[in-house]
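Enquirer:
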Amino acid sequence: MVKQSSEELLLFYQNHLLNDIVPFWDRAVDRDYGGVFTCFNNEGTKLLSKDKYTWSQGRFIWCWSTLYEMMKAGKIHGELDRYAEEAQQAVSFLQQHVLLENGHCAFLLSKEGRKKEPVLGKGYDTSFYADAFVILGFAKYAKVFQKVSLLDWILDLYDSVQRRLERGVFKCEPYPIPEGYQAHGVSMIMLNVTQELSDTLEYLQHPRAEEIQRQSVEYMKKIMDVFCDKEYRMAETLTIQGERDASLLSRHMNPGHTIECMWFVLHTAQKSKQTSYVKKAGEVVKKAFELGWDEEKGGLLRFVDFQGGPPKGEWKDDPHTSLIASTWDYKLWWPHSEALYTTLLFYTLTKEDIYWREYKRVHEYTFHTFPNPNEDIGEWIQIRGRDGKPVEQVVALPVKDPYHILRNLLLIIELLYNQKD
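Residue numbers for the sequence shown follow the working numbering, so the first one is 133 and each next one is one higher.
1) Using a Cβ-Cβ distance under 8 Å, would Glu470 count as near chain D?
2) Looking only at DSSP bridge pairs, what is Cys195 linked to?
3) Going along the chain, which residues of its own chain have a beta-carbon closer than 7 Å to the beta-carbon of Met356, five neighbours each way excluded?
4) Would you identify the three-state DSSP class for Met133, choosing helix, strand or coil?
5) Could you have a look at Ala367 and say whether DSSP puts it in helix, strand or coil?
6) Could you name each continuous beta strand (DSSP E) segment of 3 residues or more that falls completely within the stretch 256-328, going from the start of the chain to the end?
7) What three-state label does DSSP hand Tyr185 in the structure shown?
8) What is the rounded straight-line gap between the Cα of Gly520 and the Cα of His468?
9) Can you tell me the Cβ-Cβ gap for Leu464 and Tyr491, rounded? I've got them flagged as a contact below 8 Å.
10) Candidates Gly300, Ser404, Leu232, Arg518: which alpha carbon is nearest Tyr497's?
11) Would you be able to state if there are at least three C-beta pairs under 8 Å between the stretch 252-262 and the stretch 161-178?
12) How far does the alpha helix (DSSP H) with Lys532 in it reach, from first residue to last?
13) Which residues share a DSSP beta bridge with Glu428?
14) Taking all protein chains shown into account, decide if Glu127 is buried (16 or more other Cβ within 10 angstroms of its Cβ) or exposed.
15) Given a cut-off of 8 Å on the beta-carbon distance, is the pair Ala378 and Leu329 in contact?
16) Can you check which of these residues, Pro306, Glu305, Asp291, is closest to Arg299 by C-alpha distance?
17) Enumerate in chain order the residues of its own chain whose CB-to-CB distance from Ile344 is below 7 Å, with the five nearest sequence positions on each side excluded.
18) Count the other CB atoms within 10 Å of the CB of Arg383; is the residue buried (16 or more) or exposed (fewer)?
19) Which residues in the same chain have their Cβ closer than 7 Å to the Cβ of Tyr351, if we skip the five residues on either side of it in sequence?
20) In angstroms with no decimal places, state the Cα-to-Cα distance between Tyr200 and Pro451.
21) What are the start and end residues of the alpha helix (DSSP H) that includes Tyr165?
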């Protein structure tokens with residue numbers, strides 16, 4: 133693949149978005165109650181349940197709001213009124229049904245909005261990540277549609293999340309953090325939440341915009357100063373003291389997660405003019421590819437040891453350790469969609485050939501491996517084994533989530549649109 137012009141790449145991604153991805157999710161929208169159905173099998177041929185995971189509903193709102201925004205700006209084509217109506221209906225669905233008495237978000241709802249227990253006996257309030265994705269979706273919706281009236285609702289939920297995190301009393305299914313450890317993912321999702329929320333507050337001239345932006349910078353610094361070591365290796369789990377111990381849980385790296393996080397870091401570092409973090413983020417991306425790329429089969433491995441190769445270390449009796457050991461060589465859709473945007477973003481910024489080379493091999497592997505060959509279904513077959521063959525297995529939530537593919541295609545189109553001569 134030679135270096136295509138921005139116009140050629142833009143056309144490729146616009147076509148893939150509008151012809152292969154969006155039609156699948158258009159069919160999945162619940163136009164009776166609001167939101168989207170996501171409990172499909174891996175191939176997208178069967179809807180297994182009409183339950184609605186709050187995590188995915190918040191993400192859907194972000195995607196539909198962004199689609200509308202870019203359609204209105206002429207960057208892609210589509211039916212403006214329909215996307216506005218479906219985004220609004222999803223927001224209303226969550227506003228009416230998602231909050232529990234304690235102000236937290238229920239993790240799982242029925243199609244009509246009835247609260248359900250995702251795992252029998254664990255209750256409705258099982259993960260602050262559900263709240264985080266609701267904030268992300270609502271913040272984007274409020275900005276795009278200039279809904280100042282939503283800001284108090286969003287900020288109340290955000291403040292509730294912050295209080296839980298500050299007290300250290302929060303749940304984060306499906307991967308609970310073992311006692312004595314801290315997780316990179318907590319700071320990572322909150323970096324994304326605060327940058328999205330601060331952008332909305334700034335755009336709508338809300339007095340808390342600067343406060344939330346400062347919090348975004350603090351989350352960025354924790355990621356880069358605590359979880360990133362001197363060799364630019366990003367830890368997923370450290371001890372409370374900020375150390376990597378001998379456990380498999382603490383030794384493992386998630387290359388795709390690292391690569392995704394670095395575009396979060398880049399956005400906040402650029403906005404706050406923290407140039408040292410821009411450079412460091414670039415080195416982290418390079419290290420993630422060095423350790424995470426499967427030189428034999430191609431693609432990004434799901435998990436690796438921080439010194440390279442398959443994960444290893446002392447075994448802990450927790451679900452995450454079992455997951456790491458049993459699925460380390462899977463090839464998942466979301467790390468590759470994130471890597472497409474991250475490498476193209478860093479190449480656009482720095483013009484360093486290494487980012488183009490990484491982008492090129494990610495692009496070739498991704499579009500050879502993931503898009504569904506059945507054009508009547510479309511989308512991607514999202515979960516693959518090391519050999520690239522489909523695996524019918526749950527990797528986090530039992531859903532086929534629209535977020536990572538749609539988000540990164542939209543971000544790439546935005547990036548390329550701005551690069552046009």
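All residues carry an ideal CB built from backbone N, CA and C; glycine is no exception.
Expert: On the basis of the data shown:
1) No chain D appears in the structure shown, which is made up of a single protein chain.
2) On the sequence shown, position 63 is the one that residue 195 refers to. DSSP output for Cys195 lists no bridge partner at all.
3) Indexing the sequence shown from 1 puts residue 356 at position 224. If we look at Met356 and ignore the five residues flanking it on each side, its Cβ neighbours are Val397, Tyr409, Lys412.
4) If you number the sequence shown from 1, residue 133 lands on position 1. At Met133 the pLDDT is 47, less than 50, meaning the model places this residue with poor confidence; the figure from the coordinates comes in the next sentence. Here Met133 sits in coil by DSSP.
5) Taking the sequence shown and counting its residues from 1, the one referred to as residue 367 is at position 235. Coil, per DSSP.
6) 313-315
7) For this step, residue 185 is matched to residue 53 along the sequence shown. Residue state, collapsed to three classes: strand.
8) Indexing the sequence shown from 1 puts residue 520 at position 388. Indexing the sequence shown from 1 puts residue 468 at position 336. Their backbone Cα atoms lie some 13 Å apart in a straight line.
9) Residue numbering aside, residue 464 sits at position 332 when the sequence shown is read from its first letter. Residue numbering aside, residue 491 sits at position 359 when the sequence shown is read from its first letter. No, Leu464 and Tyr491 are not in contact; Cβ-Cβ is about 18 Å, not under 8 Å.
10) On the sequence shown, position 365 is the one that residue 497 refers to. When each option's Cα is compared against that of Tyr497, the closest is Arg518.
11) no
12) Position 400 of the sequence shown, counted from the start, is the residue given in the question as residue 532. Element bounds for Lys532: n/a, residue is neither H nor E.
13) Within the sequence shown, numbered from 1, the residue matching residue 428 stands at position 296. DSSP output for Glu428 lists no bridge partner at all.
14) With the chain covering only 133 through 553, there is no way to say anything about residue 127.
15) Here residue 378 refers to the residue found at position 246 when the sequence shown is read from its first residue. Here residue 329 refers to the residue found at position 197 when the sequence shown is read from its first residue. For Ala378 and Leu329, no; Cβs fall outside 8 Å.
16) As a position in the sequence shown, residue 299 is number 167, starting the count at 1. Residue Asp291 is the option with its Cα nearest to Arg299.
17) Position 212 of the sequence shown, counting from 1, holds the residue named residue 344. Around Ile344: Thr326, Leu329, Ser330, Leu333.
18) Start at 1 with the first residue of the sequence shown, and residue 383 comes out as number 251. With 16 or more other Cβ atoms within 10 Å, it is buried.
19) Taking the first residue of the sequence shown as position 1, residue 351 is located at position 219. Ser319, Met322, Leu323, Thr326, listed in sequence order.
20) The residue given as residue 200 occupies position 68 in the sequence shown. The residue given as residue 451 occupies position 319 in the sequence shown. Their Cα atoms are separated by approximately 39 Å.
21) Looking up residue 165 in the sequence shown gives position 33. Run containing Tyr165: none; DSSP gives neither H nor E here.
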